[in-house]
Structure formats: C-alpha cells, structure tokens
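What the sequence shown shows, in this note's numbering, is residues 209 to 443, in sequence order.
Here's the structure, in structure tokens; my notes come after.
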Amino acid sequence: MEWNRTKLIENRLESILKNGLYQGRHLIRRDSPIDGGVYLGGGRREAIVVNSQNSSLIEYVYAKAKKMVDSAKKSPLEDPLKEDPAKENPLEENLSAKENPEKFILMTTYNIVRDYLTYSEKEVDKIILKHNAYEDKKISLGVFIGEGYGVCRHQALLAGFLLERFIKEGYLQGKVSIDRNSLLSAHAWCRYTSEDGKVTIIDPAQGFFGSLEKSLEKLSWEYHRKEDEKEERER
Numbered sequence: 209m210e211w212n213r214t215k216l217i218e219n220r221l222e223s224i225l226k227n228g229l230y231q232g233r234h235l236i237r238r239d240s241p242i243d244g245g246v247y248l249g250g251g252r253r254e255a256i257v258v259n260s261q262n263s264s265l266i267e268y269v270y271a272k273a274k275k276m277v278d279s280a281k282k283s284p285l286e287d288p289l290k291e292d293p294a295k296e297n298p299l300e301e302n303l304s305a306k307e308n309p310e311k312f313i314l315m316t317t318y319n320i321v322r323d324y325l326t327y328s329e330k331e332v333d334k335i336i337l338k339h340n341a342y343e344d345k346k347i348s349l350g351v352f353i354g355e356g357y358g359v360c361r362h363q364a365l366l367a368g369f370l371l372e373r374f375i376k377e378g379y380l381q382g383k384v385s386i387d388r389n390s391l392l393s394a395h396a397w398c399r400y401t402s403e404d405g406k407v408t409i410i411d412p413a414q415g416f417f418g419s420l421e422k423s424l425e426k427l428s429w430e431y432h433r434k435e436d437e438k439e440e441r442e443r
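Next up, the structure:
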C-alpha cells in the first residue's frame, strides 16, 4: 500500500508549481482545505477545481443537503433516510437528526453524493473528452455534478466540500480530509474526524460508510493511516 500520491504529483509538476500553487490554486491533499483548491492525479488527467464561488451547482448541492438536515431536525418525517424505505442504508439502523446530529449529517452527505454523482468510469471518460480536460487541464467539479457522474475522486471531493461547509457554518465541529492511497490501483475517499477523535469514512465509490473498525470487517479498502495503526497499538 502506498500513500505517496501527493508527492508524485508535486514531483511531476515541480517545474510549474509556483509557491506550491497550481495555476493560482492550492493542491487539495490530505488534511488541506478543499474549497478553492484543485485536485490532481499522480498521472496526467483532469485537474478538478472545487470552487463554490464560481459554481452554482456545487452551492446548490450544499443548499440541498443543508435543507435536508434542517428539515429533519424539525420533522422526523422529512428524514432523508426514511423517505425511501428501499434505499440502501449502510448504517443498518434508523437515524435521527435530533438524537445524533453529527452522524445524521455524515450519512446525509454520503447519500446526497450518491444521488448527484453516479459512479461510472465510462461516463467520466466521456465528460473529460467532451470538455477536453486531459493532461492536467482544469475542470470544475460542478461540471461532473451537472452531468450526474463521477468516480471515487469526484465523489470524495463533493463529500469533503459538503462537510467542510457544514463545519464552517457550525453544524459540525470535527475535521475533514480527502485521503487516497494505492493498492493495485489508486483510490480516494473522504475522512471525517470528530472532536473526540472518532474517524468516519465516507466512500460512496466502494459503497462504504462507517468507522475504521467496520471497514476491516467489510474489507472495503485499507483506509487506515499510519497514525491510526499507532494509536490502536497504544490502546
């Protein structure tokens, strides 16, 4: 398992990065700010810009998520997990916005990302071709939202943006990060750490939502950081 994706990007773009910025934007990496940044790959592909100020679609999705959270606090009947009984709920439990607001927001984020960005490598390739976004050319995350498709990196970025905004507006008090590593292939997901240090993984691409411990049971992906392994050994 390799955790060197960002280092690969920096080495590859060393000659064109200015003060660590790519065309005026900071690189989105582990534990970095998300909104206002750009997300690049270890290889040359599209450079995904997350900028809520220039994308009404990104703002729209947040407004939708925020409305769902606010509505559920007032009326359990508007709980998004209860609107469609057939909708898969990886928590395998009923969730109340009033009883556990933090987990409810995380779960709402997971669901809304899957609603707005259906996983499809084929469709993503079409979008990149349509917008000529190859070889590190910038393209807004909003474009993929508008088309309705994404893969792990687009889904992770949208989840991360939503949680970052919920934190900024005082709905959450934790920290959010876009993490990625490589096993047989590269993969990205969203990681949320609550005030008490509890980690929740939001990975729509793998169909996984839950704790690091649960991820080991489900064998979804290797989400553990080195510091997670150290903390577990010290317990």
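By construction, the Cβ of each residue, glycine as well, lies at the ideal position given by its N, Cα and C atoms.
For residue i, count neighbouring Cβ atoms within 10 angstroms of its own Cβ and tell me buried if that reaches 16, exposed if not.
i, result
"Ser419", "exposed"
"Pro241", "exposed"
"Ile224", "exposed"
"Ala413", "buried"
"Asn308", "exposed"
"Gly228", "exposed"
"Asp344", "buried"
"Glu222", "exposed"
"Asn389", "buried"
"Ser283", "exposed"
"Ala396", "buried"
"Ser393", "exposed"
Excluding the 5 residues flanking residue i on each side, which residues of the same chain have their C-beta closer than 6 Å to its C-beta?
i, result
"His362", "Leu325 and Phe352"
"Arg233", "Gly245 and Val246"
"Tyr230", "Val246"
Below 7 Å CB to CB, which residues in the same chain sit around residue i once its five sequence neighbours on both sides are set aside?
i, result
"Leu424", "none"
"Glu310", "Leu380 and Ser402"
"His339", "Ile347 and Val351"
Can you name, in chain order, every residue of its own chain whose Cβ lies under 8 Å from the Cβ of residue i, other than the five neighbours on each side?
i, result
"Val269", "Ile320, Tyr324, Ile353, Leu366 and Leu370"
"Glu329", "Val359"
"Ile336", "Arg253, Glu254, Tyr342 and Ile347"
"Asp436", "Val407 and Leu420"
"Glu267", "Ser260"
Measure how close the beta-carbons of residue i and residue j come, nearest whole angstrom, since I'm counting them as under 8 Å.
i, j, result
"Gly368", "Ile386", "5 Å"
"Tyr318", "Ile410", "5 Å"
Meets three-Cβ-pair contact criterion under 8 Å: the region 363 to 380 and the region 307 to 318: yes
Sufficient close CB pairs (3 or more, under 8 Å) joining the region 257 to 275 to the region 336 to 354: yes
Runs of alpha helix (DSSP H) lying entirely within the region 377 to 431, each at least 4 residues, in chain order: 420 to 426
Start-end ranges of the beta strand (DSSP E) lying completely within the region 225 to 291, minimum 3 residues: 245 to 247 and 255 to 258
Whole runs of the beta strand (DSSP E) within the region 332 to 386, excluding any shorter than 3 residues: 346 to 348
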